[in-house]
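Heads up: the structure comes next, in structure tokens.
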Amino acid sequence: MAPERFFLELTPPTELLRNAPHVVIVGGGFAGLKAAHALAGKTVRVTLIDKRNFNLFQPLLYQVASGLVSQTDVASPLRIMLGQAPNVQILMGEVDDIDTSAQEVIFNDRRLHYDHLIVAAGATSSYFGHDEWAQFATPMKSLEDAYGIRKRVLGALEEAEQTPDPTQRRLLQSVVVVGGGPTGCELAASLNDLMRHTLDRDFKQIDPSLCQVTLVDPGDRVLRAMDPQLSKAAGDHLKRSGVELLLGGRVKTIEANKLVVTTSDGEVTLEAGTICWTAGVAASPLGKLLAERTGCSVDRGGRLPVEPDFSIPGHPEIRVVGDLCSYSHTKNGKPLPGMAGPAVQMGGWVAKDILAKLQNQTHAPFVFTDFGSMAVVGPLFAVADLRGIKVSGALGWLLWGLAHLAFIPDNENRLTLLTKWLWMIITRERSALVITQAPS
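Right, dumping it as structure tokens:
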């Protein structure tokens, strides 16, 4: 346990809130932000704790990695979005422990009492027991990760421009993306377009047609969670665009600029100047810590199985939402996926449920509404399954764009993203191709 220094409490700005229940939210992602918005202006005290001072729109990280948008375009400051609410306090810090007996969150050597706790700590990248691969294969879960990929790809191309050795030049012009889900497909497609088309006029010594992006996945098709028809459409478009698909392959080893993939035909060695990892995620370590403190279990991915109201068994005051929870109270009994849509619905429902219980009112059970799934696999080409309506091509891209703009939490970034997307369509130019020492 962290040493007890002092208790940090929100000073109620009005007499009305002096004895109001205190709701602490850990995590300012999709679920945590939605919960905070739902509680803003209500007769409760709210404290949102996050190690960053912004909400990250992770679905568009691949556009940061490929130079289409800047880091700030997908990061919305929490204080701008919530700071005007008189009952909401935002604290920057990382939770070290949770004292469930005293109902206190411990962070930055401070203790913060809660009446209700919403844990929305999210997920991290998983290398399936091979954490040593992380130094060679960059994940894509944070702004730093996305910027690291962009810096590595652009740096490799700059080096290739000055390299007389054609073999070394081909290496520097090659990228391998591991993982054929939506993130991997979108990243591979966007990097391929960047290297083959956007930079076509910018370099004089390298041949953009020799740039190679390879997508590796253990399945027999990309986007396995989607309808086979849409999966095929996405795979076919990727191949037409020049992306090489290595399906049915499992990564055996990864080292600097090289990985070995095991297939049914034997081993394949791939060499590339940049290796990206989008193959797996694991729940935040806070899930395991919370399990130890409460005695509850975690699933194979480190997620906490929760009750129908998202509480931990035996602890109705603790709710777990987003990527950190395993919610299997669904019609088919399968846990909800760790995606933005479910997270937003979870966060909003839990906040309303807490308010209902404080007022001794009943609240309708949580029912997840699946609005579908989608992925962009090229300029003006996306596949989308919207509640049984299957769309691909330019119409799919339009629906994808409208859906993502609707989810962006602030108007400034919404307008900025729309402008940059339209500029990209008209000119094929990208505005975020600057290499700096650190993310800006």
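Taken in order, the sequence shown gives residues 665 to 1104; the numbers are from our numbering.
Heads up, the beta-carbon is just placed ideally off N, CA and C, and yes, glycines get one too.
Computed from a prediction, not measured in an experiment: that's the story for all the values here.
Per-residue burial, residue 1104 [other beta carbons within 10 Å of its own, 16 or more giving buried]: In this prediction, residue 1104 scores a pLDDT of 40, lower than 50, which makes its location untrustworthy; the coordinate-derived value is nonetheless stated afterwards. Per the 10 Å Cβ criterion, exposed.
Inter-residue Cα distance where the pair is residue 682 and residue 742: 24 Å
For residue 960, the three-state DSSP class (helix, strand or coil): coil
Taking the alpha-carbon of residue 805 as reference, which of 725, 826, 1067 has the nearest alpha-carbon? 725
Measuring CB to CB, does residue 1055 end up less than 8 Å from residue 1044? no
Identity of the residue in 698, 1013, 734, 952 nearest residue 1026 by Cα: 1013
Examine the Cβ distances between the segment 841-852 and the segment 937-955 and report whether three or more of them are shorter than 8 Å. yes
Does the segment 1016-1035 come close enough to the segment 824-836 to have 3 or more Cβ pairs within less than 8 Å? no
Expressed to the nearest angstrom, what Euclidean distance is found between the alpha-carbon atoms of residue 813 and residue 722? 15 Å
Comparing alpha-carbon positions, which option in 788, 685, 876 lies nearest residue 938? 876
If I measure Cβ to Cβ from residue 792 and keep anything under 8 Å in the same chain, skipping five residues before and after, which residues do I get? 943, 944
Burial state of residue 668, where buried means 16 or more other Cβ atoms lie within 10 Å: Note that residue 668 scores a pLDDT of 41, beneath 50, so its modelled location is shaky; the value from the coordinates is reported in the next line. So residue 668 ends up on the exposed side.
Quick one, are the C-beta atoms of residue 1041 and residue 810 less than 8 Å apart? no
Bridge partners for residue 840 per DSSP, in chain order? 878, 939
When burial is assigned at 16 or more other CB atoms within 10 Å of the CB, is residue 933 buried or exposed? exposed
Host alpha helix (DSSP H) of residue 809 (start-end): 807-825
Provide the residue(s) that pair with residue 763 in DSSP beta bridges, ordered along the chain. 768
Name the one or two DSSP bridge partners that residue 989 has. 968
Taking the CB atoms as reference points, tell me whether residue 843 and residue 884 lie closer together than 8 Å. no
Taking the alpha-carbon positions, what's the residue 1034 to residue 868 distance? 48 Å
Beta-carbon contacts of residue 896 that lie in its chain and below 8 Å, excluding the five residues immediately before and after: 885
Within its chain, find whatever has a CB closer than 6 Å to the CB of residue 993; leave out the 5 residues flanking it on each side and keep chain order. 972
Minimum C-alpha distance to residue 1075 - residue among 694, 733, 703, 740: 740
Nearer than 7 Å: is that true of the beta carbon of residue 966 relative to any heavy atom of the ligand MN? Of the ligands one can find in the structure shown there are none, so the ligand MN has no counterpart to examine.
Is the beta carbon of residue 693 less than 8 Å from the beta carbon of residue 824? no
On the criterion of 16 or more Cβ atoms from any shown chain inside 10 Å, does residue 1091 qualify as buried, or is it exposed? exposed
I'd like the ranges of any alpha helix (DSSP H) spanning at least 4 consecutive residues and lying wholly in the segment 686-734. 694-703, 725-729
Expressed to the nearest angstrom, what Euclidean distance is found between the alpha-carbon atoms of residue 1038 and residue 730? 19 Å
Can you tell me the Cβ-Cβ gap for residue 909 and residue 874, rounded? I've got them flagged as a contact below 8 Å. In fact, because the Cβ distance is near 18 Å, the residues do not count as touching under 8 Å.
Spatially closest choice to residue 715 from 759, 709, 688, by CA coordinates: 759
Please report how far the alpha carbon of residue 1071 lies from the alpha carbon of residue 1008, in whole angstroms. 9 Å
Does the distance from the C-beta atom of residue 684 to that of residue 1016 stay below 8 Å? no
Under 8 Å by Cβ, that's how I've got residue 782 and residue 696 pegged, so tell me the actual separation to the nearest angstrom. 7 Å
Just verifying my parser: in three-state terms, what is the DSSP assignment at residue 850? helix
Identity of the residues DSSP links to residue 832 by a beta bridge: DSSP, once it has assigned bridges, lists no residue as partnering residue 832.
Using only the alpha-carbon positions, how far apart do residue 861 and residue 1093 sit? 9 Å
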